[in-house]
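*Asks:* In terms of the UniProt record's numbering, the sequence shown opens at residue 1 and continues consecutively. Below is a structure I'd like to ask you about.
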Amino acid sequence: MLTLPALIAHPGVVLAGATDLRPEALQRFSEEFGAPGYATLDELLQDETIDAVYIATPHDLHAVQTLAALRAGKHVLVEKPMATSVEDCLAMAGAAREAGLALIVGPSHGFDEQVRTAASLVASREFGQVRMVTALNFTDFMFRPRRPEELDPARGGGVVFSQAAHQIDVVRRLVGSPVTGIRAVTANWDSQRPSDGAYTALMTFEGGAAASLSYSGYAHYDSDELLGWISELGQTKDPELYGQARRQLARIGTEGEQSAKAARTYGGDGPRSAKAPHHEHFGFIIVSCEKADMKLLPTGIEIYENERRIFHPIAPPKVPRAAVLEEFVAAVAGRPTGLHDGQWGLETMACCRALIMSSSQGTDVDPRKIITDLQVENFK
Ligand SMILES: NC(=O)c1ccc[n+]([C@@H]2O[C@H](COP(=O)([O-])OP(=O)(O)OC[C@H]3O[C@@H](n4cnc5c(N)ncnc54)[C@H](O)[C@@H]3O)[C@@H](O)[C@H]2O)c1
Numbered sequence: 001m002l003t004l005p006a007l008i009a010h011p012g013v014v015l016a017g018a019t020d021l022r023p024e025a026l027q028r029f030s031e032e033f034g035a036p037g038y039a040t041l042d043e044l045l046q047d048e049t050i051d052a053v054y055i056a057t058p059h060d061l062h063a064v065q066t067l068a069a070l071r072a073g074k075h076v077l078v079e080k081p082m083a084t085s086v087e088d089c090l091a092m093a094g095a096a097r098e099a100g101l102a103l104i105v106g107p108s109h110g111f112d113e114q115v116r117t118a119a120s121l122v123a124s125r126e127f128g129q130v131r132m133v134t135a136l137n138f139t140d141f142m143f144r145p146r147r148p149e150e151l152d153p154a155r156g157g158g159v160v161f162s163q164a165a166h167q168i169d170v171v172r173r174l175v176g177s178p179v180t181g182i183r184a185v186t187a188n189w190d191s192q193r194p195s196d197g198a199y200t201a202l203m204t205f206e207g208g209a210a211a212s213l214s215y216s217g218y219a220h221y222d223s224d225e226l227l228g229w230i231s232e233l234g235q236t237k238d239p240e241l242y243g244q245a246r247r248q249l250a251r252i253g254t255e256g257e258q259s260a261k262a263a264r265t266y267g268g269d270g271p272r273s274a275k276a277p278h279h280e281h282f283g284f285i286i287v288s289c290e291k292a293d294m295k296l297l298p299t300g301i302e303i304y305e306n307e308r309r310i311f312h313p314i315a316p317p318k319v320p321r322a323a324v325l326e327e328f329v330a331a332v333a334g335r336p337t338g339l340h341d342g343q344w345g346l347e348t349m350a351c352c353r354a355l356i357m358s359s360s361q362g363t364d365v366d367p368r369k370i371i372t373d374l375q376v377e378n379f380k
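Put into structure tokens, the structure is as follows:
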């Protein structure tokens, strides 16, 4: 639902077929786009008119479906998280490379326009070297209607796979150099929603920069307050609706939760969101360079230099999430994108895994070592 406007708007994309377990979604797709709805992925992959697939199924299907699509010769855009294990990401990135097919992981908030602009300011060294990134996000993620597996740690449930995958992408893009270590603590403190609902982490980078990341999905403090009450999806938010996610969940109960989740999905009976007036964002982010701090906002970037403070506005989005389609279409056309490809997704997933390992072991974990250890193991 969130990527559909960008898929429809891109002149290089024609929606030529879809598959889903729910017949109502297939029927709606055929009516809306005049293209076939296939009962299985295998049938869809046999359709020779289809060049590329966008995979937006539950996390634990991403690897098997991506590998099947690549085997069938299709380019793949796969939702974040790329998969639920680093092993799977390694296989996916390798399969795309060997087949010479595009594999892009996204959309993540690493594609957000203000992140792109700030990353190019960092890379220009206009304000000296990047030294520190402060990223925090306090949301109601754990109290939105969820499928059971979204709260099951064994199936990639909780906030690390779903949300750190965004925050790590953002921070990696801003700093622009490899991650050398992560020290983190994850937290699971609400027995009503037993899964990791929060984390805090310190990431270090080649070149000496460091980033602190905090995330809580427990629906208490809302960091959108720090972003002018603009929501993650770029909509204006009413602070008076405090507690709404918890109240709604308490009202509908476990039975109602499944239907509330399905209503928000394609083919469901929930309303489509109105066009967002602002860019999407992923919470409060400050990039500290030697000569200035930059605050990323959905409307632009506030730059705090030694003796002046300037606002660098960013024009409102024409279509949300257009950047991911730009990158995917370019990759399919064989143009180098060098950003959110399989290797990038693999490295972000290694950071998510390092975050979890660091918390359970109480030590620093180097995500690069997680990848090289697996490569050595696979080579044996
Ligand atoms: N990039 C973002 O900002 C963002 C936002 C939301 C969700 N996501 C990602 O999208 C993915 C889906 O999440 P969601 O919240 O949209 O879930 P959802 O339940 O709303 O949608 C999943 C869809 O997959 C279908 N499905 C399930 N099993 C299938 C199968 N075997 N074959 C074909 N279709 C199948 C379901 O019927 C449903 O239509 C997750 O990986 C999630 O992380 C990303």
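The C-beta atom is built at its ideal place from N, Cα and C for all residues, glycine as well.
Cβ-heavy atom distance between residue 266 and ligand 1 below 8 Å?
*Replies:* What you label residue 266 is simply residue 266 of the sequence shown in a count that begins at 1. Checking the Cβ of residue 266 against ligand 1 gives yes.
*Asks:* Hey, would you say the C-beta of residue 108 is under 8 Å away from at least one heavy atom of ligand 1?
*Replies:* Counting from one through the sequence shown, the residue named residue 108 turns up at place 108. True, at least one ligand heavy atom lies under 8 Å from that Cβ.
*Asks:* Note the first and the last residue of the continuous alpha helix (DSSP H) segment covering residue 142.
*Replies:* Residue numbering aside, residue 142 sits at position 142 when the sequence shown is read from its first letter. From DSSP, residue 142 is part of no alpha helix (DSSP H); its letter is neither H nor E.
*Asks:* Under the criterion of a Cβ to heavy atom distance below 8 Å, does residue 1 qualify as lining ligand 1?
*Replies:* Mapped onto the sequence shown, residue 1 falls at position 1. Residue 1: yes, Cβ under 8 Å from ligand 1.
*Asks:* Give every residue of the same chain whose Cβ lies closer than 6 Å to the Cβ of residue 153, excluding the five residues on either side of it in the sequence, and list them in chain order.
*Replies:* As a first step, residue 153 must be located in the sequence shown, where it is residue number 153. If we look at residue 153 and ignore the five residues flanking it on each side, its Cβ neighbours are 195.
*Asks:* Closest to residue 206 by CA distance: which of 186, 227, 179, 219 is it?
*Replies:* On the sequence shown, position 206 is the one that residue 206 refers to. It is 179.
*Asks:* Does residue 113 pass the burial test, meaning 16 or more other C-beta atoms within 10 Å, or should it be called exposed?
*Replies:* Locating residue 113 in the sequence shown gives position 113, counting from the first residue. Residue 113 is buried by the Cβ-count criterion.
*Asks:* Buried or exposed for residue 111, please, with buried defined as at least 16 other CB atoms from any protein chain shown within 10 angstroms of its CB.
*Replies:* In the sequence shown, residue 111 corresponds to position 111, counting from 1. Per the 10 Å Cβ criterion, buried.
*Asks:* Compute the beta-carbon to beta-carbon distance between residue 61 and residue 122, rounded to the nearest angstrom, for a pair I have assumed lies under 8 Å.
*Replies:* The count along the sequence shown starts at 1 and reaches residue 61 at position 61. The count along the sequence shown starts at 1 and reaches residue 122 at position 122. Residue 61 to residue 122, Cβ: 35 Å. No contact.
*Asks:* Which residue from 14, 302, 258, 268 puts its Cα closest to that of residue 145?
*Replies:* Position 145 of the sequence shown holds residue 145. Measuring from the Cα of residue 145, the nearest candidate turns out to be 258.
*Asks:* Pull up the distance between the alpha-carbon of residue 235 and that of residue 26, whole angstroms please.
*Replies:* Reading the sequence shown from its first residue, position 235 is the one you call residue 235. Reading the sequence shown from its first residue, position 26 is the one you call residue 26. If you take the alpha carbons of residue 235 and residue 26, they lie about 29 Å apart.
*Asks:* Between residue 74 and residue 53, which are expected to be in contact by the criterion C-beta below 8 Å, what is the C-beta distance as a whole number of angstroms?
*Replies:* Counting from one through the sequence shown, the residue named residue 74 turns up at place 74. Counting from one through the sequence shown, the residue named residue 53 turns up at place 53. With 8 Å as the limit, residue 74 and residue 53 qualify as a contact, their Cβ atoms being about 5 Å apart.
*Asks:* Tell me which same chain residues have a C-beta within less than 8 Å of the C-beta of residue 166, skipping the five on either side of it?
*Replies:* Position 166 of the sequence shown, counting from 1, holds the residue named residue 166. Here the set comprises 80, 108, 109, 110, 282.
*Asks:* In chain order, which beta strand (DSSP E) runs of at least 3 residues are fully inside the stretch 284-339?
*Replies:* List check, beta strand (DSSP E) in window: 284-289, 292-297, 300-304, 309-313.
*Asks:* Is residue 320 near ligand 1, going by C-beta to nearest heavy atom under 8 Å?
*Replies:* The sequence position of residue 320 within the sequence shown is 320, counting from 1. Outside the cutoff, so no.
*Asks:* Can you give me the C-alpha to C-alpha distance between residue 222 and residue 139, rounded to a whole angstrom?
*Replies:* Your numbering for residue 222 matches position 222 in the sequence shown. Your numbering for residue 139 matches position 139 in the sequence shown. Using only the alpha carbons, I get a separation of about 5 Å.
*Asks:* Going by CA-CA distance only, name the one from 48, 267, 246 that's closest to residue 24.
*Replies:* Looking up residue 24 in the sequence shown gives position 24. Checked all of 48, 267, 246; the closest Cα to residue 24 is 267.
*Asks:* If we count the other Cβ atoms within 10 Å of its Cβ and call it buried at 16 or more, is residue 297 buried or exposed?
*Replies:* Counted from its first residue, the sequence shown places residue 297 at position 297. Classification for residue 297: buried.
*Asks:* Hey, is the stretch 360-374 in contact with the stretch 212-230, meaning 3+ C-beta pairs nearer than 8 Å?
*Replies:* No, the stretch 360-374 does not touch the stretch 212-230.
*Asks:* Any heavy atom of ligand 1 closer than 8 Å to the beta-carbon of residue 45?
*Replies:* Along the sequence shown, read from residue 1 onward, the residue named residue 45 stands at position 45. Residue 45 Cβ: outside cutoff for every heavy atom of ligand 1.
*Asks:* Is residue 112 a contact residue of ligand 1, with contact defined as CB to any heavy atom under 8 Å?
*Replies:* Position 112 of the sequence shown holds residue 112. No - ligand 1 has no heavy atom lying nearer than 8 Å to the Cβ of residue 112.
*Asks:* Looking at residue 88 and ligand 1, is the gap between the Cβ and the nearest heavy atom below 8 Å?
*Replies:* Numbered from its first residue, the sequence shown carries residue 88 at position 88. It does not: the Cβ of residue 88 is nowhere closer than 8 Å to a heavy atom of ligand 1.
*Asks:* Quick one: Cα of residue 128 to Cα of residue 45, how far?
*Replies:* Within the sequence shown, residue 128 is the residue found at index 128, counting from 1. Within the sequence shown, residue 45 is the residue found at index 45, counting from 1. Cα to Cα, the separation comes out at about 49 Å.
*Asks:* Per DSSP, residue 138 is paired with what?
*Replies:* For this step, residue 138 is matched to residue 138 along the sequence shown. Note: residue 138 sits in a beta bridge opposite 216.
*Asks:* Taking residue 199 and residue 184 to be in contact with their CB atoms under 8 Å, please state how far apart those CB atoms are, rounded to whole angstroms.
*Replies:* One-based indexing of the sequence shown puts residue 199 at position 199. One-based indexing of the sequence shown puts residue 184 at position 184. Correct: roughly 6 Å between the Cβ atoms.
*Asks:* Is residue 378 buried or exposed, if buried means 16 or more other CB atoms sit within 10 Å of its CB?
*Replies:* Indexing the sequence shown from 1 puts residue 378 at position 378. That one is exposed.
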